[in-house]
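The structure under discussion appears below in the form of structure tokens.
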Amino acid sequence: MRILLVTLTEYLPFAITTALNPMNDYCAIVVDEVEPAAGYLEKINYPKNKIFYFYDLPECLSENYYDCVVCVAESRDWKKLADAVRNAGCPKDKFVNLALVQTADNFLLERAMRYWTEHCTEFEIFVTGLSHAEIAFMPKYFKRKLFNFARGTQDLYFDYQIAKFAFDSVNNIQGGGYVR
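For any residue, its number in the numbering used here is found by taking its place in the sequence shown, counting from 1, and adding 99.
Written as structure tokens, this is what we have:
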């Protein structure tokens, strides 16, 4: 998926490593402070030439091919950033706004993803979804080793990103209802 990412520099590490799949192709990353963002992206070997200031957002929207524009911010900055993206001319059908709320669920999901990265070859099944899946798929009741990513307040976008992350991490998982 080709993404145009719009975020504040302070949320960039979280946006790339947790909220979004690090394997996504970013056509542009629009931030408020380019130098610190460039330093962070350099540490993870990402090209610095794809970083732009907020005032470049209209040009980024018109000059880049993207599947979606993802706006990532905490709830206190969410509306301001979303309005800026809409006012810059982002097509409504390509806009995804992720309001980050630091909760225990986010922390648990981040830990689960790190654990999966280190131990994914041990599992044969993984589950993602809402509270029904979180409660219904108890690993201790399965003969095959199961990992449960489901969280009660998780939305469809995160379900898809988690499933993609899990499938891309390991080869011994068989896709049931997942479509690439």
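Even glycine gets a Cβ: it sits at the ideal position worked out from N, Cα and C. Predicted model, so just to flag it, every value in this text is computed and none were measured.
Those residues which DSSP pairs with residue i across a bridge
i      : result
Tyr318 : Residue 318 is absent from the model: the chain starts at 100 and stops at 279.
Tyr152 : Val130
Cys167 : Ile102
Asn247 : Val226
Endpoints, the beta strand (DSSP E) within which residue i is located
i      : result
Ile143 : No beta strand (DSSP E) holds Ile143; DSSP gives it neither H nor E.
Rounded distance between the beta-carbons of residue j and residue i, thought under 8 Å
i      : j      : result
Phe241 : Ile224 : 7 Å
Tyr165 : Arg101 : 5 Å
Cys167 : Val195 : 5 Å
Val105 : Leu197 : Incorrect: roughly 10 Å between the Cβ atoms, too far for contact.
CB of residue i within 8 Å of CB of residue j, strictly
i      : j      : result
Leu160 : Ala183 : no
Tyr110 : Ala172 : yes
Val130 : Leu107 : yes
Trp215 : Phe257 : no
Phe266 : Lys244 : no
Lys115 : Ile150 : The sequence given here places Ile at residue 115; Lys does not occur at that position. No.
Met212 : Phe264 : yes
Val269 : Thr220 : yes
Leu229 : Gln253 : yes
Glu233 : Arg210 : no
Ala163 : Leu103 : Here residue 163 is Asn; the residue named in the question, Ala, does not match the sequence. Closer than 8 Å, so yes.
Run of the alpha helix (DSSP H) containing residue i, from where it starts to where it stops
i      : result
Leu107 : Element bounds for Leu107: n/a, residue is neither H nor E.
Asp267 : 255-268
Near the ligand GDP: residue i beta-carbon under 7 Å from a heavy atom
i      : result
Phe153 : The ligand GDP is not part of this structure, which contains no ligands at all.
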